[in-house]
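A.B. asks: Chains Y and D supply the protein sequences, listed in that same order.
Count along the first sequence starting at 1, add 61, and that's the number in our numbering.
Count along the second sequence starting at 1, add 2, and that's the number in our numbering.
Where is the CB? At the ideal position from N, CA and C, for every residue including glycine.
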Amino acid sequence: MRRVLTALAALGAMMVMAVPAQAGGPPFQAGPKHGDEFTSTSADPNTGEVSIFSLNARQPSAVHCAGDGPFATLQSTQPADGVHSVAVAYKDGSWIDTVVLNIDIFGSQSGALGHGAVTGGHMGSSGTVNMTLFSPPQPGETLTTRFGLQAHAGCVPGAQPVGLNGSRPVDAGRVTFVSVTTG
Amino acid sequence: MPTNWRWRRHWPEIPETPPIDVMPASNGEYIPKEPSQNQLRIMELQNSKIEELRRKFGMSRRDFVRTAAAFSVGVWAIDQVTGGRWGRYGFTPTAAPIGPGDACDLENPGSQLANLPGEFILDTQGHCLDSAGKWRIAQPDFEYFLSIWTTPAWGGPPGITDGKPHWMGGGEVDKMENLGRTMFFRESFLNSSADVVLLTALPNLPDDTNITPMKFATETRDMINGITHSERCFIHAFTQPNRGYMGEGVVPAHQAEDYEWMTKTNQSADVRGWKLYCGWGDPFPNINGWFFDDDLGMSVVNHIRKIAQMPGARPPVVCTHKGLAFNGTFDSAHFSPRDMGVIARQFPDITFYTYHSGYDGEYMKAYPGDDVANSSNRGVDAFIKSLRENAWDATRFVPPGLQHGNTVNMYAELGTTWWGNMGDANQATHLLGKLITYVGPRRIVLGTDCIWYGSPQPQFVMLRALQFSEEAKQFYNLPYGLEGDRWDPTKNAMSGASYPSTGHPNVPGWPRDGRAHPERTIRNGIFGRNAAEAYGIDPDATRGAISCDQVQKMRDAYLLNPMTPTESMPLRSNLIAGPRTRREFFNFVKTDYPW
């Protein structure tokens, strides 16, 4: 009888401690966006759709190609207590291989707590990025998951008449974020 | 009398350009920018001061511009024009600008070749190439690329001007030999204060078509160490995981062969680190690059870890080019440092060096914050953002009781990055200030990317002279600027009062002798002591002297090489031979462009 009671008590304690998975879909919150005059970005918190575009008409110099490539993000916030992992689901993802789907997770007191990325070119793909937190969040803090697309700054070919290939003419990508799930 | 005196009448005049030349230069690939007012002012100041001083010392201008004092004049002129809110150039840590008297001092130690107290210079990015290598047939694009980039070192192509024949700027008939081991040795070890130089590697595999193939690299290292009777040179080897690329998720056709070569080379050549170029694509260099956090990157890092576990192997070191787009020549998107924080966190037992610290010619300012920085960019801020989004930046590793930390296993390397920022004291201060903050005072290493830029000495002189302003010291929490102790930058390493007999409550091994410890400054850490620690080199070991006679013997022997006819032309290091103006650019393209 004692063993049964102990087992029941342990099970009860585990049920109290465990945090049920919490899923959040759109609307998300708007996150930071940035890019120079050769870029355009959009991130719709209501639909979860994020897109970036860069017309690589920047002028290179000797070995450099300087500029601010585009990034656009949405974000979602939750209480951090008991969270040890985050999953971000996306669909309808199409981007060339210079674009990266990037996810940052940070606590209001802890700073960076997790990071995930999807690289390579994609066409109409969907998936889920699962991330285990680097360390447990501090009690009472808020967890922010920031997700979006980003790319480098590309340049046109070297000045004529030498004419190197240059970067890709454009860097572009679009994706729809479906949900952020904490566990 | 010079051996080749009979040829001298055919050579162009030795230039009278100041040793620190800030005017725009092109590699022939683009139209040089119009000189800025600051650049014009710096050159004007230098020229007038050089004239004044060379008359005072009774020297010709040609002789004077090759003195240490001429370097001082350059430092003084840059300080006069660009020194300001964030930084100044001067040889005293009081941040007082150099006065005219200082610039006149031929004995100024900051400009001398001899090392200053505590100074040990380990140049972590030296280059040279095998001018007789197979790559010149197998990789002709490389010759084109190097030719247009390295005009400061090699000068214009041979030809006849006004009826006079002339050779390449460095004095070699074969222009690529201006970037060879003899010039490397001369510029790095004779014309500079470097103590040790790491001869790093360049793409590509298979090795016999590499620009700096392993046989050539090991011979160069052994030659230098043989001449100097000490370890003055060590080497990297190049590798790549994507040769024979066949598509995403498919193991490249030559990966197994290349990994086997790595294993053998690691055993036979005493490789001190592996050099990778994520933007070196396949089958063409500008497509199919890779990141460390994709399958190809993970694969090669795992293999490096595996061969480091073999008996007698050295600890694993991964060095990778990040930044410098080489637009069109490489797959520049993969030169973003966005993956450096990921890989460093994932492999804490491996030491990583981010070459160029991600720099790609951006105007250097303070780190703008995580909401603005984009880790997919190339740039120092992108590198910092990558570390921060993976909780792997120095602020996450501050020991108890201290105010500064260091990343566990990530080093910021400054090849070309310092060269590109040292001409502006404010930008130079922000560069070092944010790297100290986010990578750590013991994790920054100076590389020069020479011989591409000729002698590295101007870079050393400028680093000796940089002083943080009071505002910069406050902003970066560095009360003693680069004179701070790199274990605790809130203490002044140049003051004996920082090392009392009671020691330091939070730093084990803190000196207790009450004397200044210049070898512990952040500056001297950047110069070489940080890298020496990482590579297991004793900076205070006695190093053999280098004899100019021995170099001349080597050079004479080289002249006898029937396969590579050459001739020497000493003291060329002040010349930047690329087009300097729009008119010169078009003249260069019309008349001199050899392709």
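What's the C-alpha gap between residue 130 of chain Y and residue 99 of chain Y?
C.D. replies: Whole-angstrom Cα-Cα distance: 8 Å.
A.B. asks: List the residues of chain Y whose Cβ lies closer than 8 Å to the Cβ of residue 374 of chain D, in chain order.
C.D. replies: Within 8 Å Cβ-Cβ: 93, 95.
A.B. asks: Would you give the residue range spanned by the alpha helix (DSSP H) that residue 604 of chain D belongs to?
C.D. replies: Look at the range of chain D in this structure, 3 to 597, and you will see that residue 604 of chain D is not part of it.
A.B. asks: Quick check: what's the CA-CA separation for residue 89 of chain Y versus residue 83 of chain Y?
C.D. replies: In a straight line, the C-alpha of residue 89 of chain Y is about 14 Å away from that of residue 83 of chain Y.
A.B. asks: Per DSSP, which one or two residues make a beta bridge with residue 494 of chain D?
C.D. replies: Paired residues: D:486.
A.B. asks: According to the neighbour-count rule (16 or more other Cβ atoms, all chains shown, within 10 Å of its Cβ), is residue 286 of chain D buried or exposed?
C.D. replies: That one is exposed.
A.B. asks: Return the Cβ separation of residue 598 of chain D and residue 503 of chain D in integer angstroms, given the expectation that the two are a contact with Cβ distance under 8 Å.
C.D. replies: Look at the range of chain D in this structure, 3 to 597, and you will see that residue 598 of chain D is not part of it.
A.B. asks: With a cut-off of 8 Å, does the C-beta of residue 163 of chain Y fall near any C-beta of chain D?
C.D. replies: Yes - at least one Cβ of chain D is within 8 Å of the one on residue 163 of chain Y.
A.B. asks: Leaving aside the five residues before and after residue 411 of chain D along the sequence, list all residues of the same chain whose C-beta is less than 8 Å from its C-beta, in chain order.
C.D. replies: Closer than 8 Å at the Cβ level, and outside the excluded window around residue 411 of chain D, lie 346, 349, 350, 351, 352, 353, 354.
A.B. asks: Apart from the five residues on each side of it in sequence, which residues of its chain come closer than 6 Å, Cβ to Cβ, to residue 429 of chain D?
C.D. replies: 366, 423, listed in sequence order.
A.B. asks: So, helix, strand or coil for residue 121 of chain D, using DSSP?
C.D. replies: Three-state result, residue 121 of chain D: coil.
A.B. asks: State yes or no: is the beta carbon of residue 89 of chain Y nearer than 8 Å to at least one beta carbon in chain D?
C.D. replies: Cβ-Cβ to chain D under 8 Å: no for residue 89 of chain Y.
A.B. asks: Quick one: using the 10 Å Cβ neighbour count with 16 as the cut-off for buried, is residue 460 of chain D buried or exposed?
C.D. replies: That one is buried.
A.B. asks: Provide the residue(s) that pair with residue 183 of chain Y in DSSP beta bridges, ordered along the chain.
C.D. replies: Y:156.
A.B. asks: Please go through the same chain and pick out, in chain order, the residues whose beta-carbon is closer than 6 Å to the beta-carbon of residue 180 of chain Y, but skip the five residues on each side of it.
C.D. replies: Cβ within range, chain order: 161.
A.B. asks: Taking the beta strand (DSSP E) that residue 276 of chain D falls in, what are its first and last residues?
C.D. replies: Looking at the DSSP string, the run of the beta strand (DSSP E) that includes residue 276 of chain D is 276-279.
A.B. asks: Assuming residue 243 of chain D and residue 207 of chain D are in contact, meaning their beta carbons sit under 8 Å apart, how far apart are those beta carbons, in whole angstroms?
C.D. replies: So it is not a contact: roughly 10 Å between Cβ atoms.
A.B. asks: Taking residue 199 of chain D as the reference, which of D:448, D:455, D:475 has the closest Cα?
C.D. replies: When each option's Cα is compared against that of residue 199 of chain D, the closest is D:448.
A.B. asks: Is DSSP giving residue 504 of chain D helix, strand or coil here?
C.D. replies: It is coil, neither helix nor strand.
A.B. asks: Considering only residues of the same chain and omitting the five flanking positions on each side of residue 319 of chain D, which have a CB-CB separation below 6 Å?
C.D. replies: 275, 353, listed in sequence order.
A.B. asks: Quick check on residue 139 of chain D: buried or exposed, where buried means 16 or more other Cβ atoms within 10 Å of its Cβ?
C.D. replies: Residue 139 of chain D is exposed by the Cβ-count criterion.
A.B. asks: For the candidate residues Y:167, Y:231, Y:135, whose alpha-carbon lies nearest to that of residue 193 of chain Y?
C.D. replies: Measuring from the Cα of residue 193 of chain Y, the nearest candidate turns out to be Y:167.
A.B. asks: How would you write the range of the alpha helix (DSSP H) that residue 77 of chain D sits in, first residue to last?
C.D. replies: Segment 70-84, the alpha helix (DSSP H) holding residue 77 of chain D.
A.B. asks: Bridge partners for residue 415 of chain D per DSSP, in chain order?
C.D. replies: For residue 415 of chain D, which the question treats as bridged, DSSP gives the partners D:447.
A.B. asks: Starting from residue 327 of chain D, find everything on chain Y with Cβ-Cβ shorter than 9 Å and list it in chain order.
C.D. replies: Here the neighbours are 121, 124, 125, 126, 127, 213, 214, 215, 216, 228.
A.B. asks: Can you tell me which of D:59, D:223, D:497 puts its alpha carbon nearest to the alpha carbon of residue 184 of chain D?
C.D. replies: Among D:59, D:223, D:497, the Cα nearest to that of residue 184 of chain D is on D:223.
A.B. asks: Give me the chain Y residues within the contact set of residue 363 of chain D, using Cβ-Cβ distance strictly less than 9 Å, ordered along the chain.
C.D. replies: Ordered by position in chain Y, the residues that pass the 9 Å Cβ test against residue 363 of chain D are 121, 122, 123, 124, 125, 126, 127.
A.B. asks: So within the region 212-264 of chain D, which uninterrupted alpha helix (DSSP H) runs reach at least 4 residues, ignoring any that extend past its ends?
C.D. replies: Counting only runs of 4 or more, we get 216-230.
A.B. asks: By how many angstroms is the C-alpha of residue 57 of chain D removed from the C-alpha of residue 238 of chain D?
C.D. replies: In a straight line, the C-alpha of residue 238 of chain D is about 47 Å away from that of residue 57 of chain D.
A.B. asks: Exposed or buried, which one is residue 251 of chain D when buried takes at least 16 other CB atoms within 10 Å?
C.D. replies: Residue 251 of chain D comes out exposed.
A.B. asks: For residue 208 of chain Y, would you say it is in contact with chain D, using Cβ-to-Cβ distances shorter than 8 Å as the test?
C.D. replies: Residue 208 of chain Y does not count as touching chain D.
A.B. asks: Nearest CA to the CA of residue 176 of chain Y: which residue from Y:141, Y:148, Y:228?
C.D. replies: With distances taken between Cα atoms, residue 176 of chain Y lies closest to Y:148.
A.B. asks: Less than 8 Å separating the beta-carbons of residue 442 of chain D and residue 393 of chain D?
C.D. replies: No, these two residues do not count as a Cβ contact at 8 Å.
A.B. asks: Is residue 39 of chain D buried or exposed, if buried means 16 or more other CB atoms sit within 10 Å of its CB?
C.D. replies: Residue 39 of chain D comes out exposed.
A.B. asks: Assuming residue 95 of chain Y is part of the beta strand (DSSP E), what are its boundary residues?
C.D. replies: Looking at the DSSP string, the run of the beta strand (DSSP E) that includes residue 95 of chain Y is 90-95.
A.B. asks: Under 8 Å Cβ to Cβ from residue 158 of chain Y, same chain only, skipping five residues before and after it: list those, please.
C.D. replies: Hits under 8 Å: 180, 181, 182.
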